[in-house]
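Since the structure comes first, as structure tokens, the remarks are kept for the end.
Residue numbers (this note's numbering): 14 to 453.
Here's what the structure looks like:
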């Protein structure tokens, strides 16, 4: 079997299939009489995270099922083609060229022979650009990708993931060009993102041209946004402002990494996102954990379910959040289930005591204490942790000495937190079970 096969034949259904391991699968045709609802549920499980190319190259179970009969094929085809990963590298040119031709032929046959138009099933696309592909062969590498993108309708895509290299280089020269453009964002935005619900962009601001094309055209319907900046770029400030992000009124999930967000930015955004916001994760070089931010969350985001703050303090002065502000946060955000604080300077046993007594909805609590202040000493009321399943306190990295957790506190956690499945306090495993846990 060739490893670059990316087409599905439109021949009559097969009863004997060759798997990826060159074994023979004998299909009982009576299986095709299963109720459509059951088949759909099974196929949804089989679809996993593979994209259309991997389904074909790997000859997955779902792909095999699509060849059993016409009914199974009609159910499987939209799942097989729902996601497409396109890596703009020289190694992928031939695969993308064949895929482009296949999708074009599929569209032509759909119009004349009542066949499926496979491109219409694609709702999620993952685009990545290799650093070296941005040199002399860029136009050749991306030509089939652009052709595929032109097959999409304005309302078709609901999820887009963009991955760019840290820096764009001019052809044959090892120097950064802030005005260089891959052309991918300007092709997607706004023409093909009118119905976009989820967007993830890595290394935003490596190219000011591409960054502006994205940030100036974020669709109003966006519900989930993951942006990773490129703070080392000297042209960072020349990229477009964050105003468009802060005005997205339907945003439910935001992960902002290295965007130089200030507390003032976040206050404006929280007012705009309001009760819709359920998940907030900030990773930055500033310390956003202060009363102003906590008060804004309390006032505007009562539906918050998860909050993650990760900070690279650098030479910043330690900031503090008052216990009263944290009490107000737990009181207002009754749905808060996940709290992750990494590198924030406002760590204290008093803050931990508030979490233990007031965080009644918490299932996950992860804390990285950079100053070695968190020991649990004096924390005796753990009544808020009846649902706590995961509790992690990371070892101090800045204190210069080993810090141990208070023995009485560790014992209280062991005996009173009955829902714990994973607990690790400064390297000491208190509880650990084989149970999956979604990351924030």
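All C-beta atoms, glycine included, are put in the ideal place defined by N, C-alpha and C.
(message) In this structure, how does DSSP classify residue 174 when only helix, strand and coil are distinguished?
(response) strand
(message) In the DSSP assignment, the alpha helix (DSSP H) including residue 426 goes from what residue to what residue?
(response) 420-429
(request) State whether the segment 111-124 contacts the segment 77-87, with contact taken as three or more CB pairs (one from each stretch) at a distance under 8 angstroms. (result) no
(request) Answer with buried or exposed for residue 177, where buried requires no fewer than 16 other C-beta atoms within 10 angstroms of its C-beta. (result) buried
(request) Might you give, ordered along the chain, the residues of its own chain that have their beta carbon closer than 6 angstroms to the beta carbon of residue 197, omitting 5 neighbours on each side? (result) 140
(request) For residue 239, write down the residues that DSSP places opposite it in a beta bridge. (result) 213, 268
(request) Could you tell me how far apart the beta carbons of residue 313 and residue 283 are, in whole angstroms, since I believe they sit closer than 8 angstroms? (result) 5 angstroms
(message) Assuming residue 353 is part of the alpha helix (DSSP H), what are its boundary residues?
(response) It is not in any alpha helix (DSSP H) - residue 353 instead sits in the beta strand (DSSP E) that spans 351-355.
(request) Since I believe residue 322 is in contact with residue 270 (beta carbons under 8 angstroms), could you give me their beta-carbon distance rounded to a whole number of angstroms? (result) Contact doesn't hold; Cβ gap of about 12 angstroms is too wide.
(message) I'd like the list of long-range same chain contacts for residue 136, defined as Cβ closer than 7 angstroms, with 5 residues on each side in sequence excluded.
(response) 95, 169, 170, 171, 172
(request) Could you round the C-beta distance between residue 407 and residue 381 to whole angstroms and report it? I think they count as a contact, below 8 angstroms. (result) 4 angstroms
(request) Determine the extent of the alpha helix (DSSP H) in which residue 257 is found, giving its start and end residues. (result) 256-259
(message) What does the alpha-carbon distance come out to for the pair residue 66 and residue 317?
(response) 37 angstroms
(request) Mind reading off the beta-carbon distance from residue 439 to residue 416? Whole number of angstroms is fine, and I expect it under 8 angstroms. (result) 6 angstroms
(request) Determine the extent of the alpha helix (DSSP H) in which residue 294 is found, giving its start and end residues. (result) Per DSSP, residue 294 belongs to no alpha helix (DSSP H); it is in the beta strand (DSSP E), 292-297.
(message) Nearest by alpha-carbon distance to residue 355: which of 385, 50, 48, 62 is it?
(response) 385
(message) Tell me the residue span of the alpha helix (DSSP H) that contains residue 65.
(response) 65-70
(message) According to DSSP, simplified to helix, strand and coil, what is residue 360?
(response) coil
(message) In this structure, how does DSSP classify residue 37 when only helix, strand and coil are distinguished?
(response) Below a pLDDT of 50, predicted positions are generally treated as unreliable, and residue 37, at 36, falls in that range; the measurement from the model is reported next regardless. DSSP places residue 37 in strand when its eight states are reduced to three.
(message) What does the alpha-carbon distance come out to for the pair residue 31 and residue 72?
(response) Caution is warranted here: a pLDDT of 32 is assigned to residue 31, below 50, making its placement in the model unreliable, and the coordinate value is therefore given only provisionally. Cα to Cα, the separation comes out at about 8 angstroms.
(request) Pull up the distance between the alpha-carbon of residue 403 and that of residue 420, whole angstroms please. (result) 19 angstroms
(message) With a threshold of 6 angstroms on Cβ separation, who are the neighbours of residue 473 within its own chain once the five nearest residues in sequence on each side are excluded?
(response) With the chain represented from 14 up to 453, any question about residue 473 goes unanswered, as that position is not in the structure.
(request) Could you tell me which of 109, 225, 232, 108 sits nearest to residue 167, measuring between CA atoms? (result) 232
(request) Alpha carbon to alpha carbon, how far is residue 378 from residue 258? Give it in angstroms, no decimals. (result) 28 angstroms
(request) Could you check the C-alpha separation between residue 390 and residue 103 for me, to the nearest Å? (result) 58 angstroms
(request) Report, in whole angstroms, the separation of the C-beta atoms of residue 121 and residue 155, which I expect to be a contact under 8 angstroms. (result) Contact flag wrong, Cβ pair sits at about 23 angstroms.
(message) List, from N- to C-terminal side, the beta strand (DSSP E) runs of 3 residues or more that fit wholly inside the segment 382-413.
(response) 403-407
(request) Within the same chain, show all residues whose beta-carbon is closer than 6 angstroms to that of residue 110, passing over the 5 residues directly before and after it, in chain order. (result) 157
(message) Less than 8 angstroms between C-beta atoms, sequence neighbours within five positions excluded: which residues of the same chain meet that for residue 362?
(response) 386, 387, 388, 389, 390, 391, 392
(request) Give the C-beta separation of residue 272 and residue 255 to the nearest angstrom, bearing in mind that I take them to be a contact with Cβ-Cβ under 8 angstroms. (result) 7 angstroms
(request) Confirm, please, whether the CB-CB distance from residue 128 to residue 91 is below 8 angstroms. (result) no
(request) Below 8 angstroms on the Cβ atoms is my guess for residue 349 versus residue 395; work out the distance and round it to an integer in Å. (result) Incorrect: roughly 17 angstroms between the Cβ atoms, too far for contact.
(message) On a Cα-Cα basis, can you pick out the residue from 261, 153, 288 that is closest to residue 346?
(response) 288
(request) Starting from residue 96, follow its DSSP beta bridges and name the residues at the other end. (result) 137
(request) Would you tell me roughly how many angstroms separate the C-alpha atoms of residue 75 and residue 113, rounded to the nearest one? (result) 22 angstroms
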